[in-house]
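To start, the structure itself, in structure tokens.
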Amino acid sequence: MPLIYLILLPFIGSLMAAVLPANARNTESTLAGLIALFCTVQAALYFPEVADGGVLRQEIEWLPALGLNFVVRMDGFSWMFSMLVLGIGSLVVLYARYYMSPADPVPRFFAFFLAFMGAMVGVVLSGNIIQLAFFWELTSLFSFLLIGYWHHRKDARRGARMALTVTGTGGLCMLAGMLVLGHIVGSYDLDQVLAAGQRVREHPLYLTTLVLVLLGAFTKSAQFPFHFWLPHAMAAPTPVSAYLHSATMVKAGVFLLARLWPVLGGTEPWFWLVGGAGMCTLLIGGYAAMFQHDLKGLLAYSTISHLGLITLLLGLNSPLAAVAAVFHIMNHATFKASLFMATGIVDHESGTRDIRRLSGLRKMMPVTATLAMVASAAMAGVPLLNGFLSKEMFFAETVFINSTPMVSTLLPIAATVAGMFSVAYSLRFTVDVFWGPKATDLPHPPHEPPHWMRVPVELLVLACLVVGMVPAWSVGQFLHAAARPVVGGELPGFSLAVWHGLNTPFVMSLVAMGGGILLYLLLRRQRALGRVDAPVLMHRINGQRLFDATLALLTLAGRNGRRLLGTQRLQWQMMWLVSAALAAGTLPLWAQGLRVGHRTPLAMSPAFAMLWLLGMVCAMGAAWQAKYHRLAALTLMGGAGLCTCLTFLWFSAPDLALTQLVVEVVTTVLILLGLRWLPRRDESLRLYASLAGGHSARLRRLRDMALTIAAGGGAALLAFAMMSRPFPESTSTFFLERALTEGGGSNVVNVMLVDFRGFDTFGEIVVLGIVALTVYALLRRFRPAREAMDLPEQQRAVPADLASDLPNPRQAPDTAVGYLMVPAVLVRLLLPFAAMAAFYFFLRGHNEPGGGFVAGLVLSVALLLQYVISGTHWVEAHLPLYPRRWIGTGLLFALATGLGSLVWGFPFLTSHTFHVSLPLLGEIHVASALFFDIGVFTLVVGATLLILTAIAHQSVRGHRYHARMLEEAEEAEEAEEAEEAVAASQGDR
Numbered sequence: 001m002p003l004i005y006l007i008l009l010p011f012i013g014s015l016m017a018a019v020l021p022a023n024a025r026n027t028e029s030t031l032a033g034l035i036a037l038f039c040t041v042q043a044a045l046y047f048p049e050v051a052d053g054g055v056l057r058q059e060i061e062w063l064p065a066l067g068l069n070f071v072v073r074m075d076g077f078s079w080m081f082s083m084l085v086l087g088i089g090s091l092v093v094l095y096a097r098y099y100m101s102p103a104d105p106v107p108r109f110f111a112f113f114l115a116f117m118g119a120m121v122g123v124v125l126s127g128n129i130i131q132l133a134f135f136w137e138l139t140s141l142f143s144f145l146l147i148g149y150w151h152h153r154k155d156a157r158r159g160a161r162m163a164l165t166v167t168g169t170g171g172l173c174m175l176a177g178m179l180v181l182g183h184i185v186g187s188y189d190l191d192q193v194l195a196a197g198q199r200v201r202e203h204p205l206y207l208t209t210l211v212l213v214l215l216g217a218f219t220k221s222a223q224f225p226f227h228f229w230l231p232h233a234m235a236a237p238t239p240v241s242a243y244l245h246s247a248t249m250v251k252a253g254v255f256l257l258a259r260l261w262p263v264l265g266g267t268e269p270w271f272w273l274v275g276g277a278g279m280c281t282l283l284i285g286g287y288a289a290m291f292q293h294d295l296k297g298l299l300a301y302s303t304i305s306h307l308g309l310i311t312l313l314l315g316l317n318s319p320l321a322a323v324a325a326v327f328h329i330m331n332h333a334t335f336k337a338s339l340f341m342a343t344g345i346v347d348h349e350s351g352t353r354d355i356r357r358l359s360g361l362r363k364m365m366p367v368t369a370t371l372a373m374v375a376s377a378a379m380a381g382v383p384l385l386n387g388f389l390s391k392e393m394f395f396a397e398t399v400f401i402n403s404t405p406m407v408s409t410l411l412p413i414a415a416t417v418a419g420m421f422s423v424a425y426s427l428r429f430t431v432d433v434f435w436g437p438k439a440t441d442l443p444h445p446p447h448e449p450p451h452w453m454r455v456p457v458e459l460l461v462l463a464c465l466v467v468g469m470v471p472a473w474s475v476g477q478f479l480h481a482a483a484r485p486v487v488g489g490e491l492p493g494f495s496l497a498v499w500h501g502l503n504t505p506f507v508m509s510l511v512a513m514g515g516g517i518l519l520y521l522l523l524r525r526q527r528a529l530g531r532v533d534a535p536v537l538m539h540r541i542n543g544q545r546l547f548d549a550t551l552a553l554l555t556l557a558g559r560n561g562r563r564l565l566g567t568q569r570l571q572w573q574m575m576w577l578v579s580a581a582l583a584a585g586t587l588p589l590w591a592q593g594l595r596v597g598h599r600t601p602l603a604m605s606p607a608f609a610m611l612w613l614l615g616m617v618c619a620m621g622a623a624w625q626a627k628y629h630r631l632a633a634l635t636l637m638g639g640a641g642l643c644t645c646l647t648f649l650w651f652s653a654p655d656l657a658l659t660q661l662v663v664e665v666v667t668t669v670l671i672l673l674g675l676r677w678l679p680r681r682d683e684s685l686r687l688y689a690s691l692a693g694g695h696s697a698r699l700r701r702l703r704d705m706a707l708t709i710a711a712g713g714g715a716a717l718l719a720f721a722m723m724s725r726p727f728p729e730s731t732s733t734f735f736l737e738r739a740l741t742e743g744g745g746s747n748v749v750n751v752m753l754v755d756f757r758g759f760d761t762f763g764e765i766v767v768l769g770i771v772a773l774t775v776y777a778l779l780r781r782f783r784p785a786r787e788a789m790d791l792p793e794q795q796r797a798v799p800a801d802l803a804s805d806l807p808n809p810r811q812a813p814d815t816a817v818g819y820l821m822v823p824a825v826l827v828r829l830l831l832p833f834a835a836m837a838a839f840y841f842f843l844r845g846h847n848e849p850g851g852g853f854v855a856g857l858v859l860s861v862a863l864l865l866q867y868v869i870s871g872t873h874w875v876e877a878h879l880p881l882y883p884r885r886w887i888g889t890g891l892l893f894a895l896a897t898g899l900g901s902l903v904w905g906f907p908f909l910t911s912h913t914f915h916v917s918l919p920l921l922g923e924i925h926v927a928s929a930l931f932f933d934i935g936v937f938t939l940v941v942g943a944t945l946l947i948l949t950a951i952a953h954q955s956v957r958g959h960r961y962h963a964r965m966l967e968e969a970e971e972a973e974e975a976e977e978a979e980e981a982v983a984a985s986q987g988d989r
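As structure tokens, then:
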């Protein structure tokens with residue numbers, strides 16, 4: 001099976017889970033479990049091919065000229081991580097089946113979970129560093145959705161936002177570092193990057209690259225000073241916490257450090273930055289974990305500490321330390337996932353995670369208690385468990401390090417102290433919760449969970465035992481395969497024996513065990529006396545305070561900037577916008593100079609000169625009439641647009657002329673609908689303004705005129721400078737020479753849009769769809785100002801001779817049927833002919849002027865005319881269009897066309913032509929770009945209708961407003977008449 005399926009299948013499963021019904025919990029968990037299990041088995045089958053240093057690679061061309069291809073790459077290290085991500089993911093899915101409540105939106109949970117799994121596998125298997133950064137940010141996005149799964153809780157929303165802000169910002173820094181790294185190497189391909197370590201370390205930009213990449217790794221793996229976000233992520237459901245902390249989210253940072261160890265490691269800056277951050281995180285996390293009262297909080301800080309241990313090992317610049325780091329990544333995943341699941345069982349069955357309320361659970365939950373105690377012993381580094389082996393390797397590396405005397409002395413001490421912390425918080429997790437008298441004030445009596453909920457914990461604890469007792473037999477070959485790519489060559493000699501004799505690392509382990517027990521007893525006594533309840537000095541190194549202060553500062557700066565620059569006056573907004581654009585265009589030209597070419601302009605035809613003179617008169621007239629008569633300004637602006645269409649025709653660009661013509665029609669309707677909601681001009685206000693500030697008004701007009709002339713003249717000068725230069729043959733004739741031979745069409749413009757630059761067009765239609773949906777969402781909440789709702793009386797009333805012919809007289813202002821019967825009949829007859837014209841333009845677009853965009857606009861104009869003449873109510877009752885479905889269908893068509901080329905082994909959106917023989921019609925030439933053009937056509941129709949009908953619906957609301965006002969007036973009049981009648985009757989008495 002191709003490697004890419006390991007990435008695609010979780011995403012496909014995510015889409016399937018999202019559409020399942022809310023009550024199909026078993027179906028959703030089965031779907032997620034089967035996908036995760038299948039991918040795990042498939043990944044395991046790849047091991048023989050990567051065991052001895054082999055590399056599996058699959059490459060799909062995308063932008064080969066820029067070095068951006070989609071590359072899926074698996075070596076021993078990525079195989080090990082894939083097994084952790086997929087294997088532990090399978091167990092978490094089984095666990096979540098029993099943990100999640102039927103009242104929860106379970107489809108959303110499994111959809112997010114599978115998407116996160118696919119993103120993490122994408123990070124692990126990426127063979128291109130830019131592709132890795134893409135999946136890296138996807139993990140931040142999906143972890144945000146998982147952490148904030150219970151979005152009704154404030155702590156979940158806050159934790160999700162904090163995690164996304166910190167890791168997302170670090171990811172952007174990492175992306176910048178990857179760009180610099182690719183610049184140094186000359187390629188973004190991971191194989192070439194890994195082979196260029198010496199060149200990277202000797203480059204002047206090495207330190208810049210290192211700092212940027214480390215910012216991404218440290219934020220993702222919660223290294224000091226970015227460790228504060230991880231405890232807040234505990235608001236996520238426990239299955240999410242178990243998955244994020246053991247094999248995925250927080251392990252991505254150490255994965256990146258290990259992945260780039262052959263490239264960026266081995267230098268003094270690496271040692272101090274990576275090793276220093278790792279040691280600080282190791283000590284701070286372990287120290288804070290001892291004082292946590294929440295079981296998940298304790299495990300969160302212990303995760304921070306163990307991630308610091310892995311980071312410190314990678315920072316020691318020792319191949320053997322790198323091997324120990326890989327080994328501890330594997331061990332930490334097993335015991336930490338089991339501990340989180342055991343915590344979830346305790347919470348699920350007892351109703352609380354508060355250590356102060358829990359006690360004596362081993363009598364009520366003996367099996368769960370045994371499993372939790374074994375896993376916590378592995379976390380503490382007890383002999384015959386897997387955590388002991390990697391801890392021994394860690395101690396050995398700190399003892400035999402070759403560095404300055406201060407580091408050689410302090411590092412073993414720090415490692416031993418961290419080991420004491422680990423023993424102390426592991427004892428608190430086990431003794432305080434499972435031993436002692438039975439707790440009596442729990443929300444509900446605890447008991448053992450369903451057997452299958454406990455099975456994942458049992459399997460992981462079994463792995464801790466097997467690896468701890470027979471490491472060489474159980475995990476030796478896997479560790480060799482995983483560590484070989486990290487060290488970038490031959491592995492150093494190391495032993496996985498359980499007993500290495502009475503040496504310094506073993507003595508350090510004994511000191512850590514004994515000191516940890518004494519520390520636990522001391523803290524327990526102090527806690528019983530009420531003297532110690534929070535870690536001392538932690539508030540002084542609290543990164544959250546800096547994070548909150550930074551957010552507050554940015555919020556204040558944004559508010560002040562809005563006050564300084566914000567205005568509701570459109571004139572000021574346009575002035576600043578045009579000024580900024582003028583400055584952005586002027587500054588580079590001022591520095592580089594503007595040179596006009598030497599091409600001799602052709603003799604201008606008198607007819608063309610008259611055309612442009614007419615266009616300029618229309619443009620100036622539109623600008624002048626915009627102040628006095630809006631409809632006249634719109635008409636003149638249409639005249640200027642028509643002159644532009646004729647100019648395109650003059651220069652043999654019928655495609656542009658046709659597009660410009662239909663765009664002019666659509667934008668005219670758009671502006672007409674917008675003008676409907678502007679308040680009427682108040683001449684008294686204009687007279688008052690002219691009397692109060694006539695001089696300042698004249699100055700403002702002169703300033704605006706100067707700005708307009710500068711912007712328009714500058715654009716004209718740029719156009720003239722470009723057109724007066726000779727165009728290089730390589731660019732001016734490229735598309736003309738290749739449109740028919742490589743694109744299969746003689747219409748160069750259409751072939752460029754759907755073939756040569758199809759990816760750009762795909763991005764443009766995506767943006768168009770987003771804009772349409774945004775306008776629709778905004779206008780659903782929009783309500784026009786009251787003065788814009790107050791129509792003249794003659795526009796509100798319905799003539800008496802027509803009111804009897806209308807089905808609902810109160811809907812009469814929304815239609816012109818009663819007034820313009822002939823146009824109403826004509827536009828309905830026009831619709832099939834317009835559809836036929838759109839179909840004609842669509843089919844001929846690959847070889848003649850036309851195409852999906854023009855055809856979509858033509859059909860949209862025909863449909864909009866139905867709205868204009870027949871009214872919104874009539875059209876939506878007789879012709880339901882559902883524009884949002886058109887947008888979705890168009891995007892799916894375009895995407896399916898691009899993916900179809902991938903299925904056949906070609907780059908995304910590669911176009912192919914073929915011939916089909918049909919009865920009667922004969923042989924027909926068809927290009928695959930036709931299906932992409934169908935997507936463009938469908939989306940353009942949907943987006944245009946959604947935007948314009950959303951504005952048109954404001955008229956419906958306006959008429960409802962007037963109908964309501966009329967009803968209220970009638971009711972008031974009836975009430976007044978009733979009061980007069982009562983008063984008259986009383987007067988008669």
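Reminder that position 580 of the sequence shown reads as 580 in the UniProt record's numbering, one-by-one numbering, no gaps. Where is the CB? At the ideal position from N, CA and C, for every residue including glycine. Only a predicted model underlies this, so the values are computations on that prediction, with no experimental measurement involved.
Bounding residues of the alpha helix (DSSP H) (the contiguous stretch that carries residue i)
i	result
F259	The sequence shown places Arg at residue 259, rather than the Phe named in the question. Start and end: 251-259.
L316	Where L316 is concerned, there is no enclosing alpha helix (DSSP H), given that its DSSP letter is neither H nor E.
D432	405-434
R158	154-185
H480	471-487
P48	47-50
Classification of residue i by the beta-carbon crowding that lies within 10 angstroms, buried from 16 upward
i	result
R781	exposed
P380	The amino acid occupying residue 380 in the given sequence is Ala; Pro does not appear at that position. By the neighbour-count rule (16 or more Cβ atoms within 10 Å), A380 is buried.
D52	exposed
residue 990	Because the chain is modelled from 1 through 989, residue 990 falls outside the range shown and cannot be assessed.
E973	exposed
I934	buried
residue 1026	Outside the shown range of the chain, which is 1 to 989, sits residue 1026, and nothing can be said about it.
T219	buried
L175	buried
Under the three-state DSSP convention, the category residue i falls into
i	result
L678	coil
Q58	strand
S917	strand
V982	helix
R844	helix
L68	strand
N503	coil
E126	Strictly speaking, residue 126 in this sequence is Ser, with Glu absent from that position. Three-state result, S126: strand.
L577	helix
D104	coil
residue 990	The question about residue 990 has no answer here: the residues shown for the chain are numbered 1 through 989.
In DSSP terms, what residue i is bridged to
i	result
A877	Bridge partners of A877: none, in fact.
A927	T913
R73	R57
D354	D294
L371	Paired residues: none, contrary to the question.
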